[in-house]
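Residue numbers (my numbering): 2 to 117. Here a beta-carbon is modelled for each residue, glycine too, at the ideal position from N, C-alpha and C. Structure, as structure tokens:
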Amino acid sequence: QVQLVESGGGLVQAGGSLRLSCAASRSISSINLGWYRQAPGKQRELVATITNIGSTNYADSVKGRFTISRDNAKNTVYLQMNSLKFEDTAVYYCAAGPEYYPRSSWGQGTQVTVSS
Numbered sequence: 002q003v004q005l006v007e008s009g010g011g012l013v014q015a016g017g018s019l020r021l022s023c024a025a026s027r028s029i030s031s032i033n034l035g036w037y038r039q040a041p042g043k044q045r046e047l048v049a050t051i052t053n054i055g056s057t058n059y060a061d062s063v064k065g066r067f068t069i070s071r072d073n074a075k076n077t078v079y080l081q082m083n084s085l086k087f088e089d090t091a092v093y094y095c096a097a098g099p100e101y102y103p104r105s106s107w108g109q110g111t112q113v114t115v116s117s
């Protein structure tokens with residue numbers, strides 16, 4: 002397993018932007034990475050994934066607004082979030098693993114709050 006630490010969450014107005022970062026404790030070059038989120042009273046849902054070769058996948062609700070990327074040299078995965086909406090408010094979790102939808106290792110989460 003790999004330890005993951007998210008950062009970059011906060012409070013932002015609707016229409017604004019945030020960039021989340023997730024730093025890994027070891028090399029991530031061979032594993033898939035992803036971002037999930039969980040809003041109050043709702044189940045955790047997939048936001049975006051990126052494979053070890055850079056292929057990306059997004060939830061329909063964030064397509065065109067969010068971008069996932071990875072920097073293997075820094076052992077870090079990012080989530081650039083633009084045009085944020087109130088409904089994007091959630092705790093965002095970073096995940097890593099060999100699965101296409103990675104879930105073997107999880108970060109502690111970072112809160113994103115979008116004010117309307």
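For LYS86, the CB contacts under 7 Å within the same chain, skipping 5 residues up- and downstream, are ALA15, VAL115 in chain order.
TYR93 and ILE54 have their alpha carbons spaced roughly 23 Å apart. Around the CB of LEU34, 16 or more other CB atoms lie within 10 Å, so the residue is classed as buried.
Proximity of the segment 93-109 to the segment 28-43 meets the contact definition, three or more beta-carbon pairs being nearer than 8 Å. Shortest Cα-Cα distance from THR111 to any of SER28, GLY17, LEU21 involves LEU21. For TYR37, the uninterrupted beta strand (DSSP E) segment begins and ends at 33-39. Of LEU19, GLU7, CYS23, the smallest CA-CA separation from VAL78 is found for CYS23. In the three-state DSSP reduction, ASN53 falls in the coil class, being neither helix nor strand.
Within its own chain, the residues whose Cβ lies closer than 7 Å to the Cβ of ASN58, once the five positions on either side in sequence are excluded, are ALA49, THR50, listed in chain order.
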